[in-house]
Amino acid sequence: MSDTAVRVQGLGKCYTIGTSRESSQPMLREVLADALISPLAILRRLAHRLRSGPVPRAAVAEKSPRHFWALREVSFDVARGEVVGIIGPNGAGKSTLLKILSRITEPTEGRVEIHGRVASLLEVGTGFHPELTGRENIFLSGTLLGMRKADIHRKLHEIIDFSGIERFIDTPVKHYSSGMYVRLAFAVAAHLDPDVLIVDEVLAVGDVAFQRKCLAKMEDVHRRGRTILFVSHNMPAVTRLCQRALLVSEGRVQRDGPASQVAGAYLLASINRAAERSWPYPATAPGNHVARLRMVRVKNDSGVTTETVDRRRRVGIEMVYDVLSPGHVLIPYYEFFDESGLCIFATRDLAPEWRARPRPLATFTSTAWIPEHFLTEGSLQVGAGLYSADPYVVHFHHRESVAFHVADSHDTKSNAARGDWDGPLPGVVRPLLAWITESESAPSLVSLTRPSDG
Amino acid sequence: MIQPSSGWAPLRLSELWNHREILYFLIWRDIKVRYRQTVIGAAWAIVQPLMTMVVFSIFLGGLAKVPSDGVPYPLFAFCALVPWTFFANGLNQAANSLVASSHLITKVYFPRLFIPMARVLTALPDLALALGVLFGLLFYYGFRPTLGGCLWLPVLVLLAFVTALGMGLWLSALNVKYRDVQHAVPFLIQIWLFATPIAYPSSLLPTPWRVLYALNPMVGVVEGFRWALLGTSHAPGLITATSALAAALILVTGAFFFRRVEKTFADLI
């Protein structure tokens, strides 16, 4: 057998969008009525079909506005043992892709080869019946997901153990809390042991501890050489679990590469790709009667708007705002978010110039400079805001104003705080710190290591 | 290997066999849930044919004086109602089964054929209970069915099962696309009831017409039941054979039709 676990070639899925008359749920009576009214038309259609064969589906679909391609020309290979994240905005075709891979629906074109046993978890608690007990549902769900009855018997204790709800295992699941339900469901899923595991957003439910447990289990599955396809909106989970990610958008694979890069590109693209943002119309600009935002931008050392900054150079975030009502003490601030949506740090203007001084009517420009050698490589989102402290009023707060990308230099000679190390570096920031190493002379070292001699 | 298919798909019976445990658990689930959710549980299996028998006996046997081949009318009717109830419940359940299982169809793959099949098979325990009552009634009226006759019962039940499944496959698959099928099903079953010799004997029909009549597979089942248990007239060999052929035809066409449209279920449901 080859080393490819999943091979997808030119996959496409076309849906018909219903109009009011020919809705997606046609009524039998309409069809029968049509047949009664115009039997000849139907006969003619049939005769035509027989003569010329069925109309090629793709040809029809291409032209008709009532057809919608949920997926188009999707091709990728997944090697055995690889963990691939599939990310993308809602409605991009991710779920359709998973449904085709799990054989729930058939593609319109293209083909998929899957080597080995597939298990797909497209929901929490597949096949669970509320009236049945936890134990009974383990058997039902396990069988539906592809386990053998004998396997379930063998693993039953392990599954119940993993779920952590032994006490309620003989209670109908309708009496379960949602947490217990999810635990039991995942316990079943975790013991499927397929060659290829397809997971859709299972981690979106459950508390933090449980999510961690799920991720750990998936890492365990991966260590045993299984192949995992994992759809998620949880970018830290994707980057932690997957080496590789596919960005699916508008039914196509837009990017395919290392998970952190694809996730970063997706977040940057999905939220905001601009390094400058302005609000030309006061009516739509963030703000209130005291102050109103006009523009936010990312600029480099020389004051030019830039999307990409070298981490060895400083970067400035600038906001321009109008003060519409005089006499307020105003404090501008910024928040910085990384690719996973984590707030790395926040900063506010504590410079003495306007620290406690009421502002006059004017247009102000406030810039915060982030020092060189501080940020780590990746994409950053900037939120901009303005508030007054006494009384506490937020005049505007714009969560996703601008974004920029921090590029790293792999030139090891320059001081990029990576030294000779060329691999990935963990952490959300990478300051160039002052390291001091002191050494003591040899005799005291000897006395330290062999105190009994003294 | 997944790729678009068009036209008539093979039945892939080996796949059904490999996944047979799923069928077992679907039946097991339905039976468990049924008896857990109902107050009188098993009694429903008996009440339904019994009440119908009482109504038929009063109005048709008593008032309308419908002939019953020399058998006490209540026994005559009940003997037919037992396999009929199995068929009618099985078909009704099967016809709605796919729509009722939409949560499974859109979330996990397994041979869809199991869904209507499980629903028909779930009606079997009810049939067993009703058969028990039927035997009680037989003894009460002083009938002693022969062993040879009883051995035919599983065959006749199979015939009813094949008919219910065949029709169930057609109707459940149609119901996914045309939701008004579910409104037509009770109506269809009602008409079918009168097109089957349950309240009356098929001996009312002139002989040449009986074979045509037997194209309704339930005619063969019901006549077979009466012959096997009540010993009425001679063996309905031709009728049962015709019915078996018709049932097989319904099942085979139903299965192929089902397989043909199966791939669209998840998109339409």
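As they're listed, the protein sequences go chains V and L.
Here the first sequence stands for residues 1 to 454, numbered as in our numbering.
Here the second sequence stands for residues 455 to 723, numbered as in our numbering.
C-beta: ideal position from N, C-alpha, C; glycine also.
Please confirm whether residue i has its beta-carbon closer than 8 Å to some beta-carbon of chain V.
i        : result
L:Ser468 : no
L:Tyr563 : yes
L:Ala531 : no
L:Pro526 : no
L:Glu475 : yes
L:Val587 : no
L:Arg490 : yes
L:Ser459 : yes
L:Ile481 : no
L:Lys717 : yes
L:Val487 : yes
L:Ile704 : no
L:Ala463 : no
L:Ala720 : yes
L:Ile456 : yes
Run through the DSSP bridge pairs and tell me what residue i is partnered with.
i        : result
V:Arg292 : V:Gly287 and V:Asp322
V:Pro332 : V:Leu386
V:Gly12  : V:Glu109
V:Arg244 : V:Val84 and V:Pro258
V:Ile370 : V:Val315
Please check if any C-beta of chain L sits within less than 8 Å of the C-beta of residue i.
i        : result
V:His191 : no
V:Lys155 : no
V:Glu109 : yes
V:Val112 : yes
V:Thr227 : no
V:Leu122 : yes
V:Lys499 : Since the first and last residues shown for chain V are 1 and 454, residue 499 of chain V lies out of range.
V:Tyr15  : yes
V:Thr171 : no
V:Leu342 : no
V:Leu71  : no
V:Leu241 : no
V:Leu215 : no
Among the candidates the options, whose CA atom is the shortest distance from the CA of residue i?
i        : options                                   : result
V:Leu380 : V:Gly251, V:Ala368, V:Glu166 and V:Glu335 : V:Glu335
V:Asp310 : V:Pro236, V:Arg430 and V:Glu400           : V:Arg430
L:Lys561 : V:Ala283, V:Arg212, V:Pro286 and V:Leu98  : V:Leu98
V:Phe76  : V:Lys155, V:Arg244, V:Asp195 and V:Gly134 : V:Arg244
V:Met319 : V:Arg223, V:Tyr176, V:Arg277 and V:His191 : V:Arg277
V:Leu140 : V:Leu192, V:Ile344 and V:Arg292           : V:Leu192
V:Ala389 : V:His222, V:Gly10, V:Leu197 and V:His328  : V:His328
V:Val231 : V:Leu197, V:Val208 and V:Arg223           : V:Leu197
V:His129 : L:His473, L:Glu716, L:Leu480 and L:Arg680 : L:Leu480
V:Tyr387 : V:Glu377, V:Ile370 and V:Arg359           : V:Arg359
L:Met621 : L:His473, L:Ala497, L:Arg490 and L:Ala709 : L:Ala709
V:Gly341 : V:Arg399, V:Thr133, V:Gly134 and V:Leu11  : V:Arg399
V:Gly385 : V:Arg355, V:Met295, V:Leu432 and V:Pro426 : V:Met295
L:Leu552 : L:Phe513, L:Leu567, L:Leu581 and L:Gly544 : L:Leu567
V:Asp195 : V:Pro426, V:Thr143 and V:Val118           : V:Val118
V:Ser163 : V:Asp3, V:Leu11, V:Lys149 and V:Gly125    : V:Gly125
Between residue i and the rest of its own chain, which residues show a CB-CB distance below 6 Å, the 5 nearest in sequence each way excluded?
i        : result
V:Arg348 : Ile331 and Tyr333
V:Ser23  : At V:Ser23 the pLDDT is 44, less than 50, meaning the model places this residue with poor confidence and gives no usable figure here.
V:Ala189 : Leu121
V:Gly88  : Lys94, Leu247, Val248 and Ser249
V:Asp453 : With a pLDDT of 47 at V:Asp453, under the threshold of 50, the modelled position of this residue cannot be trusted; read the value that follows with caution. Here the set comprises nothing.
V:Asp200 : Leu98, Leu122 and Val231
V:Glu113 : Arg7
V:Pro456 : Past the edges of chain V, shown from 1 to 454, lies residue 456 of chain V, and the structure says nothing about it.
Between residue i and the rest of its own chain, which residues show a CB-CB distance below 8 Å, the 5 nearest in sequence each way excluded?
i        : result
V:Phe404 : Ala275, Val298, Thr306, Glu307, Thr308, Val309, Val315, Ser379, Leu380 and Val382
L:Leu529 : Leu591, Leu592, Tyr595, Phe597 and Leu684
V:Ala166 : Before going on, a small fix: residue 166 of chain V reads as Glu here, not Ala. These residues qualify, in order along the chain: Ile160.
V:His222 : Gly81, Val83, Ile228 and Leu241
L:His557 : none
Who are the near neighbours of residue i in its chain, counting only those whose CB is closer than 7 Å to its CB and skipping five residues on each side?
i        : result
V:Glu250 : Ala92
V:Trp435 : none
L:Ile652 : Ala531, Ala534, Leu535, Trp538 and Val676
V:Met1   : Reliability fails at V:Met1, whose pLDDT of 48 lies under 50, so the model's placement of it is uncertain and no value is given.
V:Arg240 : Leu215
Within 8 Å of chain L by C-beta, residues of the segment 124-141 of chain V in sequence order: Cβ proximity to chain L below 8 Å picks out Thr126, Gly127, His129, Glu131, Leu132, Glu136, Phe139 and Leu140 from the segment 124-141 of chain V.
Residues in the segment 94-108 of chain V having any Cβ partner in chain L nearer than 9 Å: Residues Lys99, Ile100, Leu101, Ser102, Arg103, Ile104, Thr105, Glu106, Pro107 and Thr108.
Chain V contacts from the segment 550-579 of chain L (Cβ-Cβ distance under 7 Å): The residues in question are Leu558, Thr560, Lys561, Val562, Tyr563 and Phe564.
Residues, ordered as in the chain, of the segment 385-405 of chain V that lie near chain L by beta-carbon distance below 7 Å: For the segment 385-405 of chain V, the set of positions with a beta-carbon nearer than 7 Å to some beta-carbon of chain L is empty.
Contacting positions in the segment 639-668 of chain L - beta carbon closer than 9 Å to chain V: Within the segment 639-668 of chain L, no residue has its Cβ closer than 9 Å to any Cβ of chain V.
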